[in-house]
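Numbering (this note's numbering), first residue to last: 48 to 215. A quick write-up on the structure given underneath.
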C-alpha cells in the first residue's frame with residue numbers, strides 16, 4: 048500500500064529530464080536502479096540522506112542525490128531522509144554539533160555579544176568538525192539499522208511463512 052502510494056507520487060522521467068537543477072546529474076538519474084528499493088539501496092539512501100542533513104550548507108537535497116547516485120542508493124528515500132533537518136530541528140542540531148566540535152577541538156565556547164558576523168569565523172571550524180562527525184555517525188548508524196531492520200523483517204516473514212506451512 049505504501050509502495051503504491053509512493054509510486055503514484057513519484058515524478059515522471061520527463062519531469063526529471065526537464066528540471067534544470069537536476070540536469071547536473073544528466074541521464075544517470077533516469078537509471079532504474081536508483082528507483083528500485085532493495086536492502087542495499089535503502090541502506091545507502093538512509094546513510095546519504097542523514098549525512099547530507101547534518102551539513103551546514105544550502106541544497107542538502109542535491110548533496111543527498113549526489114551521494115545516492117555515487118553509491119547507488121534509492122533516490123526517493125535519500126531525499127526524504129534529508130528532511131530530518133527541517134526548520135524545527137535545524138537550530139538544535141547545529142548547536143549540538145557546534146558544542147561537540149568545540150569540545151573535541153578544546154576551544155572555548157563563544158559567548159555571543161552583538162553581531163554573529165564577528166564570531167562566524169571562530170565558530171566555523173568547531174561547527175564543521177561537529178557536523179561532519181555527527182553526519183558520519185548518523186550515516187553509519189542509519190546504514191546499520193536499515194540493514195539489520197531489513198534482515199529482521201525478512202527473517203520474520205520467513206518464520207511466519209514456515210508457521211503457516213506447519214499448520215496445514
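Ideal placement from N, C-alpha and C gives every residue a C-beta, glycine not left out.
I'd like to check one pair, residue j with residue i: are the Cβ atoms closer than 9 Å?
i: residue 174; j: residue 148; result: yes
i: residue 190; j: residue 94; result: yes
i: residue 99; j: residue 111; result: yes
Compare the C-alpha of residue i against each of the options and name the closest.
i: residue 151; options: 140, 117, 180 and 169; result: 180
i: residue 188; options: 77, 96, 73 and 62; result: 96
i: residue 138; options: 110, 103, 154 and 166; result: 103
i: residue 109; options: 78, 67, 87 and 157; result: 67
i: residue 124; options: 107, 91 and 78; result: 91
i: residue 75; options: 115, 107 and 86; result: 115
Could one say the Cβ of residue i lies closer than 9 Å to chain D's Cβ atoms, at least one of them?
i: residue 192; result: Within the model displayed, chain D is absent; a lone protein chain is all it includes.
Classify residue i: buried if its beta carbon has 16 or more other beta carbons within 10 angstroms, exposed otherwise.
i: residue 101; result: buried
i: residue 120; result: buried
i: residue 143; result: exposed
i: residue 132; result: buried
i: residue 178; result: buried
i: residue 62; result: exposed
Does DSSP put residue i in a helix, in a strand, or in coil?
i: residue 208; result: helix
i: residue 133; result: coil
i: residue 91; result: helix
i: residue 139; result: helix
i: residue 213; result: helix
i: residue 65; result: helix
i: residue 55; result: helix
What does the alpha-carbon distance come out to for the pair residue i and residue j?
i: residue 192; j: residue 81; result: 21 Å
i: residue 117; j: residue 135; result: 29 Å
i: residue 185; j: residue 128; result: 11 Å
i: residue 170; j: residue 153; result: 13 Å
i: residue 71; j: residue 113; result: 10 Å
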